[in-house]
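S.K.: Here it is, the structure in full.
There are 2 protein chains.
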Amino acid sequence: MRIALDAMGGDFAPEANVKGAMLAAEQLEEDYEILLIGKEDILKQLLKEYGYTGSAIKVVNATQVIDMGEHPTKALTQKPDSSIAVGFGMLKAGKAHAFCSTGNTGAMLVGAMFSVKAVEGILRPSIGGLVPKLNGGFGIILDVGANADCKPEVLEQFGEIGSIYAKYVLEIDNPKVGLMNLGEEEGKGTVNTQAAHQRLKVNPNINFIGNIEGRDMFNDKADVIVCDGYTGNIILKMAESIYDILHAKNMHDPFFDKFNYEAVGGSPILGINGNAVIGHGVSTPLAVCNMVLQAQKMVATNLSERFKKHTGAQ
Amino acid sequence: MRIALDAMGGDFAPEANVKGAMLAAEQLEEDYEILLIGKEDILKQLLKEYGYTGSAIKVVNATQVIDMGEHPTKALTQKPDSSIAVGFGMLKAGKAHAFCSTGNTGAMLVGAMFSVKAVEGILRPSIGGLVPKLNGGFGIILDVGANADCKPEVLEQFGEIGSIYAKYVLEIDNPKVGLMNLGEEEGKGTVNTQAAHQRLKVNPNINFIGNIEGRDMFNDKADVIVCDGYTGNIILKMAESIYDILHAKNMHDPFFDKFNYEAVGGSPILGINGNAVIGHGVSTPLAVCNMVLQAQKMVATNLSERFKKHTGAQ
Numbered sequence: 048m049r050i051a052l053d054a055m056g057g058d059f060a061p062e063a064n065v066k067g068a069m070l071a072a073e074q075l076e077e078d079y080e081i082l083l084i085g086k087e088d089i090l091k092q093l094l095k096e097y098g099y100t101g102s103a104i105k106v107v108n109a110t111q112v113i114d115m116g117e118h119p120t121k122a123l124t125q126k127p128d129s130s131i132a133v134g135f136g137m138l139k140a141g142k143a144h145a146f147c148s149t150g151n152t153g154a155m156l157v158g159a160m161f162s163v164k165a166v167e168g169i170l171r172p173s174i175g176g177l178v179p180k181l182n183g184g185f186g187i188i189l190d191v192g193a194n195a196d197c198k199p200e201v202l203e204q205f206g207e208i209g210s211i212y213a214k215y216v217l218e219i220d221n222p223k224v225g226l227m228n229l230g231e232e233e234g235k236g237t238v239n240t241q242a243a244h245q246r247l248k249v250n251p252n253i254n255f256i257g258n259i260e261g262r263d264m265f266n267d268k269a270d271v272i273v274c275d276g277y278t279g280n281i282i283l284k285m286a287e288s289i290y291d292i293l294h295a296k297n298m299h300d301p302f303f304d305k306f307n308y309e310a311v312g313g314s315p316i317l318g319i320n321g322n323a324v325i326g327h328g329v330s331t332p333l334a335v336c337n338m339v340l341q342a343q344k345m346v347a348t349n350l351s352e353r354f355k356k357h358t359g360a361q
Numbered sequence: 048m049r050i051a052l053d054a055m056g057g058d059f060a061p062e063a064n065v066k067g068a069m070l071a072a073e074q075l076e077e078d079y080e081i082l083l084i085g086k087e088d089i090l091k092q093l094l095k096e097y098g099y100t101g102s103a104i105k106v107v108n109a110t111q112v113i114d115m116g117e118h119p120t121k122a123l124t125q126k127p128d129s130s131i132a133v134g135f136g137m138l139k140a141g142k143a144h145a146f147c148s149t150g151n152t153g154a155m156l157v158g159a160m161f162s163v164k165a166v167e168g169i170l171r172p173s174i175g176g177l178v179p180k181l182n183g184g185f186g187i188i189l190d191v192g193a194n195a196d197c198k199p200e201v202l203e204q205f206g207e208i209g210s211i212y213a214k215y216v217l218e219i220d221n222p223k224v225g226l227m228n229l230g231e232e233e234g235k236g237t238v239n240t241q242a243a244h245q246r247l248k249v250n251p252n253i254n255f256i257g258n259i260e261g262r263d264m265f266n267d268k269a270d271v272i273v274c275d276g277y278t279g280n281i282i283l284k285m286a287e288s289i290y291d292i293l294h295a296k297n298m299h300d301p302f303f304d305k306f307n308y309e310a311v312g313g314s315p316i317l318g319i320n321g322n323a324v325i326g327h328g329v330s331t332p333l334a335v336c337n338m339v340l341q342a343q344k345m346v347a348t349n350l351s352e353r354f355k356k357h358t359g360a361q
């Protein structure tokens, strides 16, 4: 199995990405390889410099780089040999089984939609955010930024998509789905969340437990937290800032340390015909490593095929 | 000046409310009185039991109580002699200059709208949440629950209302207004936040600094944080849960201790013809005390009159 890794994306690329690939290579299962995509000469030089002598990392040449601030669609069109375009090309062609990048988030989303595309029947692919839970595990919140406005049927499907991720990747049996809301009563919320509640309640494919509130984010009421991408993005970034503040104050704790983006490595794009993970722009080698390991888990559990089976697209 | 306090609302009423009133009475300015509203015999008995001998607390009889789970409109109609109905009646009649309660939030909102009503020109009164800032002060986020869905013009006005609160009550000169969003660029966000951004940008009454993100909640980018009540409610409750988790882990810090609802006491209802504060249902005597002191500050700065002046209603 081959995991393609964009070596050029992110604030600390390519150094942190190469180091992260080397860290991941030590922990990958035997039948996995990392395809390090970027400027071949630079990457080979770095691998040499860092003393890499293994065989699990292969370099794939890509001569262009999409910068963090570039317009996603324009950049992908104008830079067909960028590491992100090459990565999704390999994912589409089946030459890679997953693609991950700490680069331009918009370009990652647009790249996914233009190359492997959404699974037939999936209304809106989403980005999932991993949520540390007080019970020691993780939950997933979706969407965290791909779709700012979400219609009720989209929110309903997030419950299904998230349940598949939670079941297979997080290994949670019969995952509990909660709708993030401002009150527990089913009549509470926006027009969209009220309508979504009614749909989720009668959906036979999921274990819907009702509305949850902001205070339930980290307890074990829900494993899958459904909300629009606007709200999810704010929640996730606020949680990250809490970690940063605690860290700056030298307050450490195993639970809060999991708020650190390095611990999870990245956010999966869910509902597309392929496994893709988006990492944080400021990713360190550890974050890159954990992003690759998360991609491995998605490949090992056949995640993107699960979405196809679920919608009947396969 | 008279601050009316609902003695019967909240999980620990009337004991915590009476104790809180006594704590507040010790700290109030000389020309302030507390009108303790509830069952006269019980309240007088408690004051006696707790050894109160001062003159700043007066008991006002109200024979009925609206419970936490009751339907707001129905309860207010059926219980005209409830502590909440009596409190707003006194506020409307000018017999009290502020009213605060840790009781049924919905009944507090409906009571405000039915009695003193929204200031003419205010599209939607809102509930403000006090946000602890890393720089040592507080900011305000609105709305935190009165309006789940907010149109762009409502969000715009939240910027104005919040600025008035920040300027007078929080004593922040030329408060910075930020629109909570999923990205800093002005094209980011929901349809409503994108449109609100365009309105806020050209509003001459406020100091709009653009979009802020979840990670900016506690830094000093913005003193006034504008968002819909759905999002604000989730953010606020999540912040409270962070305090609870830290507290349970025995992790203490002056900044995070301000996440405790007890420190701020309550959330002001903004944009109505009167000063009103809603406290947490689980309020302790300290929380009740701080809610009363916040009400005093609103009275002292003539807050509700400021809204009227702003809209030209006065």
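In the order they appear, the protein sequences are chains A and B.
In our numbering, each number is its position in the first sequence, counted from 1, plus 47.
In our numbering, each number is its position in the second sequence, counted from 1, plus 47.
Note that CB positions come from ideal geometry on N, CA and C, so glycine has one too.
1. When the Cα atoms are used, what is the spatial distance from G176 of chain A to P315 of chain A?
2. So with CB distances below 8 Å, who are the chain A contacts of G289 of chain B?
3. Using a Cβ-Cβ distance under 8 Å, would G206 of chain A count as near chain B?
4. Which of the three DSSP states, helix, strand or coil, is assigned to F205 of chain B?
5. Could you list which residues in chain A have their beta carbon closer than 9 Å to that of V238 of chain B, in chain order?
6. In this structure, how does DSSP classify C197 of chain B when only helix, strand and coil are distinguished?
7. At 3 residues or longer, what runs of the beta strand (DSSP E) sit wholly inside the segment 204-236 of chain A?
8. Under 8 Å between the Cβ atoms of G56 of chain A and N182 of chain A?
9. Please look up how many angstroms separate the CB atoms of N193 of chain A and P172 of chain A, rounded, as I've assumed it's under 8 Å.
10. Apply the 10 Å Cβ neighbour rule to K248 of chain B and answer buried if 16 or more other Cβ atoms are within range, or exposed otherwise.
11. Check each candidate in B:S130, B:D275, B:G134, B:G116 and name the one with the smallest Cα separation from V238 of chain B.
12. With 8 Å as the C-beta to C-beta threshold (strictly closer), list the residues of the segment 74-90 of chain B near chain A in chain order.
13. Determine the chain B residues that contact E231 of chain A at a beta-carbon separation under 8 Å, and present them in chain order.
14. Could you give the residue range of the alpha helix (DSSP H) that holds N280 of chain A?
15. Identify the contact partners of E260 of chain B in chain A, using a Cβ-Cβ distance below 8 Å as the criterion.
16. Any idea if K305 of chain A is buried or exposed, counting beta-carbon neighbours within 10 angstroms, 16 or more meaning buried?
17. What residues of chain A sit near G9 of chain B, judged by a beta carbon separation below 8 Å?
18. At which residues does the beta strand (DSSP E) containing P179 of chain B begin and terminate?
19. What residue does the alpha helix (DSSP H) around K66 of chain A start on, and which one ends it?
20. Residues of chain A with CB under 9 Å from D267 of chain B, in chain order?
21. Would you check if the distance between the CB atom of E87 of chain B and the CB atom of V106 of chain B is smaller than 8 Å?
22. Can you find at least 3 beta carbon pairs, one from the segment 60-74 of chain B and one from the segment 184-193 of chain A, that sit closer than 8 Å?
23. Whose Cβ in chain B lies nearer than 8 Å to the Cβ of Y277 of chain A?
24. For L93 of chain A and V335 of chain A, what's the separation of their Cα atoms in angstroms?
25. Roughly how many angstroms lie between the CA atoms of D220 of chain A and Y212 of chain A, to the nearest whole one?
26. Consider the Cβ of L181 of chain A: report whether some Cβ of chain B lies at a distance smaller than 8 Å.
27. Determine, using beta carbons only, whether E80 of chain B and R49 of chain B come nearer to each other than 8 Å.
28. For a contact defined as C-beta to C-beta under 7 Å, what are the partners of M298 of chain A on chain B?
29. Taking just the CA atoms, how far does E231 of chain A sit from A54 of chain B?
30. Check this for me: beta carbons of D267 of chain B and K164 of chain B, under 8 Å apart or not?
M.R.: In brief:
1. The C-alpha of G176 of chain A lies about 7 Å from the C-alpha of P315 of chain A.
2. The amino acid at residue 289 of chain B is misidentified as Gly; the sequence shows Ile. I289 of chain B reaches chain A at I289, counting residues in chain order whose Cβ is nearer than 8 Å.
3. No, G206 of chain A does not count as interfacial toward chain B.
4. In this structure, F205 of chain B counts as helix in the three-state DSSP scheme.
5. One finds A195, D196 in chain A with Cβ atoms closer than 9 Å to the Cβ of V238 of chain B, taken in chain order.
6. Note: C197 of chain B maps to coil in three-state DSSP.
7. Within the segment 204-236 of chain A, the complete beta strand (DSSP E) runs of at least 3 residues are 223-227.
8. No; because the gap between Cβ atoms is not below 8 Å, this pair is not in contact.
9. A quick correction: the sequence has Ala, not Asn, at residue 193 of chain A. Indeed, because the Cβ distance is near 6 Å, the residues count as touching under 8 Å.
10. Exposed, by the Cβ-count rule.
11. Ranking B:S130, B:D275, B:G134, B:G116 by CA distance to the CA of V238 of chain B puts B:D275 first.
12. None of the residues of the segment 74-90 of chain B has a beta carbon lying less than 8 Å from any beta carbon of chain A.
13. Ordered by position in chain B, no residue passes the 8 Å Cβ test against E231 of chain A, which lies about 11 Å from the chain.
14. Unbroken alpha helix (DSSP H) run through N280 of chain A: 276-295.
15. Within 8 Å Cβ-Cβ: N280, I281, K284.
16. It counts as buried.
17. For residue 9 of chain B there is no data in the structure shown, the boundaries of chain B being 48 and 361.
18. Per DSSP, P179 of chain B belongs to the beta strand (DSSP E) from 173-179.
19. Note, K66 of chain A: alpha helix (DSSP H), 62-74.
20. Near D267 of chain B there are no residues of chain A at all, since even the closest Cβ is about 13 Å away, more than 9 Å.
21. Cβ atoms of E87 of chain B and V106 of chain B: closer than 8 Å.
22. Under the Cβ criterion (8 Å, minimum of three pairs), the segment 60-74 of chain B does not count as touching the segment 184-193 of chain A.
23. Ordered by position in chain B, the residues that pass the 8 Å Cβ test against Y277 of chain A are N228, L229, G236, T237, T240, T278.
24. Each residue's alpha carbon lies about 16 Å from the other.
25. In this model, D220 of chain A and Y212 of chain A are separated by some 11 Å (Cα to Cα).
26. Any Cβ of chain B closer than 8 Å to the Cβ of L181 of chain A would place that residue at the interface, and such an atom is present.
27. Going by C-beta atoms, E80 of chain B is nearer than 8 Å to R49 of chain B.
28. The contacting residues are M298, D300.
29. Those two C-alpha atoms are separated by around 26 Å.
30. No; because the gap between Cβ atoms is not below 8 Å, this pair is not in contact.
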